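Asker: Mind looking over this structure? Questions follow.
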Amino acid sequence: MAGPSMSSTPAVQMRGIDKRFGAVHANRDVAISVRAGTVHGIVGENGAGKSTLMSILYGFYRADDGEIEIDGRPVTIGGSRDAIALGIGMVHQHFMLVDTLSALDNVMLGAEPGWRLWPARRQVRVRLDALMRDTGLHVDLDARVAELPVGERQRLEILKALYRGARILILDEPTAVLTPQETEALFATLRGLRERGTTILLITHKLREIMALCDAVTVMRGGRVVLDCAIADTSLDGLAEAMVGRRVKLGRGATPAAPPGAVLLRATGLGWTDALGVVRLADVSLTLHAGEIVGVAGVSGNGQSELLDLLSGLLVPSAGEMQIGGLRFAPAHWIDPRQARELRIAHVPEDRQRRGLVLPFDAWESAVLGYQQRRRYDRAGWMRQGAMRDDCATLMDRYDVRPRDPSLRTSRFSGGNQQKLVLAREAAPGPLVLLVGQPTRGVDVGAIEFIHGRLRAMRDAGGAVLVVSSELDEILALSDRVMVMNAGRVAGELPIAQCSESALGRLMGGAAPAPNEPLRMGERLPDAGRPAGPTAH
Amino acid sequence: MSPPVELPRWLDVAVLPAVNLLFALLVAGAVVTLVGFDPGRVLGLLVKGAFGSRAGLSYTLYYATTFVFTGLAVAVAIHGGLFNIGGEGQATMGGLGAGLVALAFGAHLPAWAMLPLMVLAAGLSGMAWAAVPGALQAWRGSHVVITTIMFNFLAAALLSYLLVDALKEPGNMTPESRAFAASARLPGMHEALAWLGIAWPRTPLNLSLLLALAAAAGVYLGLWKSQPGYALRAVGFAPDAARYAGIRPQRLIMVSMAASGALAGMVGVNEIAGVHGRLLPDFVAGAGFAGIAVSLIGRNHPAGIVLAALLFGALHQGGSELAFEIAGFSRDMVFMLQGLIVLFAGAMAQVAAPGLARAWRRVAPARGRRHG
């Protein structure tokens, strides 16, 4: 399973690592041991502490407690300079490249062999050419970074680390921005590096990648290590369960009061291509019925955000159509956000701080965002601030937003209270369709229960709710039906009764569904028996 | 970068600028001492020159009027997320607009029709001059910082061309238009006060002061009480949130630039209609750029801008007085003081904030905390 250069001393050994950020205990007594010349996966959900741990190793943070050994020698890593000197390199999820410089200059930046640029360039080029030949990492050194495709930029980042003498390479969610083909190429490269004796630490939450590439894996949850084993000793299911933790009570409180009713929104064949020409969404169809919650599961960045934006009118698709009530929208005359609100489609955006709220506004100003021109709030172009403040106070009461002060600046509320404010605003007009992105991201436990309760209440009142979440727990707790997205497509669709973390996890990881077509709920007959879901077991 | 410090509003609005001003004065005092003058005497003379006499006060207010207009112009754009540094050109065009209608209709219209027409012309000209960069920004993505500064040069060139080749009085050597008819001259404050039976020295201060105060009130109402103002601030603070709310940023960029240009254009009313009574080159004299500093120091709020404009007006007037009173004291020293004020109250406005926050926490440990 590993290259020839494996030795008995671990390349990286961290023991008793402890780190707190204020009230958050990000790492608790974490121990990890990585053998030289292996690929070691570190998995966990958002906030599990894996990035904190790697940041400690790379010197971004200093651990409150614990010790680090590199190649068997105890070290203190006070900054990334120390880490580089110890042969540790890191490739960040968001590339650290200067777009306007050439690839060559980017490698050289900060590691110039001399103060005269031309001879330095020549020297660096010779070394890089050799490095590229040895590793198979090919990058056009003379191209400006802005012109390079994403996969090539990532190779450049890896080259940069290797050029600086990295023998231990940390990759933070390296495939988050890659297409499947680029991912394959990256894996081939990493396998090649392992052959050459490089030790690789791979942070990811894509389990399939762990199974495909790693020799060993450490699973983290809530700041602790919950599983640490060789890859041969585990399975996708085992990893999923370790990652999610307790077995979730499926369909917890999720029994709808009534069977789903009329179709409220139907979208067919939606596609969207971004400005760089990358297809982000292809052939996505969905139907929302009155009285149901549909969950959209998937690893972040697989098209869920784009789907929300298309449905709420923030993006215009390149293909497909949408029907709402009796209205039909084609890309040439797509719905816009204002129109969507008029048609009673409400949207709780994923990024509440940048999009759902205006942080410097007073709470009452944020509480009317998008609805500020309703007749109740408008007097010939002037704002009826009295009505706005009164309504804000009412919303705060009903949604338990604390402190109940409409005049307080929006930025001064905690994440959970900000989210409750957004939800209150969007739910208040009684929408037919509620689109919700990451309803409880960064929200404390008490608020999660509250928000989930509100979403269920909306469903029971006959609304359709579409929940996009990267938390499997949440999808399972809320949904009546789950749609899984992968690489911009619907990877499969399951009624909640047939969902398990492992079934969803595999669809999320892009495993091909079983031979029979995934169910499309739009084609569901009211009382007909349903064929077994493709990946249930 | 450290996160911005959250101070109670009154500390942020009142105490912090005062502390900054104090720092600027201290440093300026040190420089004045270094050069060999007595800083106490200099400051005394400065204050006395600016506020010590009715004439001095009038001059201070006259300068302040212009700074209120250009300061408000910058602030309105900033609330929309735009940095309009074309106040200079927009003010020039405002004066040109006012001047042209005065020259065209002054002989035929009475003052009650002429003066509103001039105000309107000044506003519309400034607005039009700002609308072009605004449109380029909104639909073509050309940055307003670049285009507005280019438009400053275009405005100056246009005015010079018209003065030299079209409007110059025959037989006059200076490139100036003929004097406007009496109906096209905005009454001076001394005239207005004389109608009320109050004797006041004759100074350039004119009724534009009232227009400036009305403009400040209008900007406050427009930004914080009206629907377009709400949309404009949403676009300025959080363009994504604005789009989410169904607000079209392009339209708001136009609204913001148009209002900004119209405000800058009002400088033309003060200078051309109120003081000179004829068109002449370079009547803006840097006030458009000073407006950036005024708005910065006034925290982009109309009330703050009025105070900052008063400060700048006082420095302007007091500085002239100083240069007159103290031998060897040049106006450059006053520019240095202005520069220090911009540095401390503008560029380094938040430098004293952490210290102030610490002091405040010591005084009131249980208050000023984040809620929730």
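Same order as they appear, the protein sequences are chains Y and X.
Residues in the first sequence are numbered from 1 upward in steps of one, following the working numbering.
Residues in the second sequence are numbered from 1 upward in steps of one, following the working numbering.
We treat Cβ as the ideally placed atom computed from N, Cα and C, and that holds for glycine.
Since the model is a prediction, treat every value here as computed from it, not as a measurement.
1. From the DSSP output, in three-state form, read off Glu493 of chain Y for me.
2. The beta strand (DSSP E) with Glu269 of chain Y in it runs from where to where?
3. Under a Cβ-count criterion, where at least 16 other Cβ atoms within 10 Å of its own Cβ denotes burial, should Val278 of chain Y be classed as buried or exposed?
4. Quick one: which unbroken beta strand (DSSP E) runs of 3-plus residues sit fully inside the stretch 153-192 of chain Y? Chain order, please.
5. Using a C-beta to C-beta distance shorter than 9 Å, which residues of chain Y count as neighbours of Ala234 of chain X?
6. Residues of chain X with a CB under 8 Å from the CB of Arg539 of chain Y: which are they?
7. Determine the direct distance from the alpha carbon of Ala26 of chain Y to that of Thr409 of chain X, and round the result to whole angstroms.
8. Between Val76 of chain X and Val306 of chain X, which are expected to be in contact by the criterion C-beta below 8 Å, what is the C-beta distance as a whole number of angstroms?
9. Compare the Cα-Cα distances from Ala393 of chain Y to each of Y:Trp382, Y:Ser407, Y:Ala491 and report the closest residue.
10. Taking the C-alpha atoms as reference points, what is the distance between Asp18 of chain Y and Ile68 of chain Y?
11. Mapping DSSP to helix, strand and coil, what is Ser177 of chain X?
12. With DSSP run on the structure shown, which of helix, strand or coil describes Cys392 of chain Y?
13. Using the Cα positions of Leu22 of chain X and Glu325 of chain X, report the straight-line distance between them to the nearest angstrom.
14. List in chain order: all unbroken alpha helix (DSSP H) runs of 4+ residues lying wholly within the stretch 77-119 of chain X.
15. Return the bridge partner residues of Ser102 of chain Y from the DSSP annotation.
16. Should Ala83 of chain Y be labelled buried (16 or more other beta-carbon atoms within 10 Å of its own) or exposed?
17. Please go through the same chain and pick out, in chain order, the residues whose beta-carbon is closer than 7 Å to the beta-carbon of Asp397 of chain Y, but skip the five residues on each side of it.
18. Do three or more CB pairs link the stretch 224-234 of chain X to the stretch 314-331 of chain Y at distances below 8 Å?
19. Please list the partners that Arg243 of chain X has in chain Y, where partner means a Cβ-to-Cβ separation under 9 Å.
20. Within its chain, find whatever has a CB closer than 8 Å to the CB of Gly247 of chain X; leave out the 5 residues flanking it on each side and keep chain order.
21. Spell out whether any CB of chain X is found under 8 Å from the CB atom of Arg341 of chain Y.
22. Distance check for Ala111 of chain X and Gly44 of chain X, CA to CA, integer angstroms please.
23. Looking at chain Y, is there any beta carbon in it that lies within less than 8 Å of the beta carbon of Ala373 of chain X?
24. For Val30 of chain Y, which option in Y:Gly66, Y:Arg441, Y:Glu493 has the closest C-alpha, if you only look at C-alpha atoms?
25. For Ala14 of chain X and Met348 of chain X, I'd like the C-alpha separation in whole angstroms.
26. Starting from the Cα of Leu213 of chain Y, find the closest Cα among Y:Glu292, Y:Glu195, Y:Val12, Y:Met220 and give me that residue.
27. Please confirm whether Met396 of chain Y has its beta-carbon closer than 8 Å to some beta-carbon of chain X.
28. Considering only residues of the same chain and omitting the five flanking positions on each side of Ile146 of chain X, which have a CB-CB separation below 7 Å?
29. Counting C-beta neighbours from all protein chains within 10 Å, is the total for Trp129 of chain X 16 or more, i.e. buried, or is it exposed?
30. By DSSP's criteria, Lys48 of chain X is part of a beta bridge. Which residues make up the other side?
31. Is Met266 of chain X closer than 8 Å to Ala308 of chain X when the C-beta atoms are compared?
32. Along chain X, in chain order, which residues have C-beta atoms closer than 9 Å to that of Gly381 of chain Y?
33. Take the Cβ of His108 of chain X as the centre, count every other Cβ of all protein chains shown within 10 Å, and call the residue buried at 16 or more, exposed below.
34. Out of X:Gly86, X:Gln137, X:Gly355, state which residue places its alpha-carbon closest to the alpha-carbon of Phe289 of chain X.
35. What residues are listed by DSSP as bridge partners for Glu292 of chain Y?
36. Which value, in whole angstroms, describes the spacing of the CA atoms of Glu176 of chain X and Leu163 of chain X?
Answerer: In terms of the structure at hand:
1. DSSP places Glu493 of chain Y in strand when its eight states are reduced to three.
2. First, the residue type needs correcting, since residue 269 of chain Y is Gly and not Glu in the sequence shown. First-last of the beta strand (DSSP E) with Gly269 of chain Y: 263-273.
3. So Val278 of chain Y ends up on the exposed side.
4. Fully enclosed beta strand (DSSP E) runs of 3 or longer: 168-172.
5. Val358, Phe361, Glu365, Leu369, Gln372
6. Residue 539 of chain Y cannot be examined here, being either before or after the span of chain Y that is shown, 1 to 537.
7. Outside the shown range of chain X (1 to 372) lies residue 409 of chain X, about which nothing can therefore be said.
8. Their Cβ separation, rounded to whole angstroms, is 14 Å, which puts Val76 of chain X and Val306 of chain X out of contact at 8 Å.
9. Y:Ser407
10. 12 Å
11. coil
12. helix
13. 24 Å
14. List check, alpha helix (DSSP H) in window: 87-105.
15. Y:Arg144
16. buried
17. Arg404
18. No: fewer than three Cβ pairs fall under 8 Å.
19. Leu314, Pro337, Arg355
20. Note that residue 247 of chain X is Ile in the sequence shown, not Gly. Hits under 8 Å: Ala231, Ala234, Val235.
21. yes
22. 42 Å
23. Beyond the ends of chain X as shown, which are 1 and 372, falls residue 373 of chain X; an answer cannot be given.
24. For Val30 of chain Y, the closest of Y:Gly66, Y:Arg441, Y:Glu493 by C-alpha to C-alpha distance is Y:Gly66.
25. The alpha-carbon atoms of Ala14 of chain X and Met348 of chain X are separated by roughly 16 Å.
26. Checked all of Y:Glu292, Y:Glu195, Y:Val12, Y:Met220; the closest Cα to Leu213 of chain Y is Y:Glu195.
27. no
28. none
29. buried
30. None; Lys48 of chain X has no bridge partner.
31. no
32. Ser226, Gln227, Pro228
33. Under the 10 Å beta carbon count, His108 of chain X is surrounded by fewer than 16 other beta carbons and is classified as exposed.
34. X:Gly86
35. Y:Ala464
36. 6 Å
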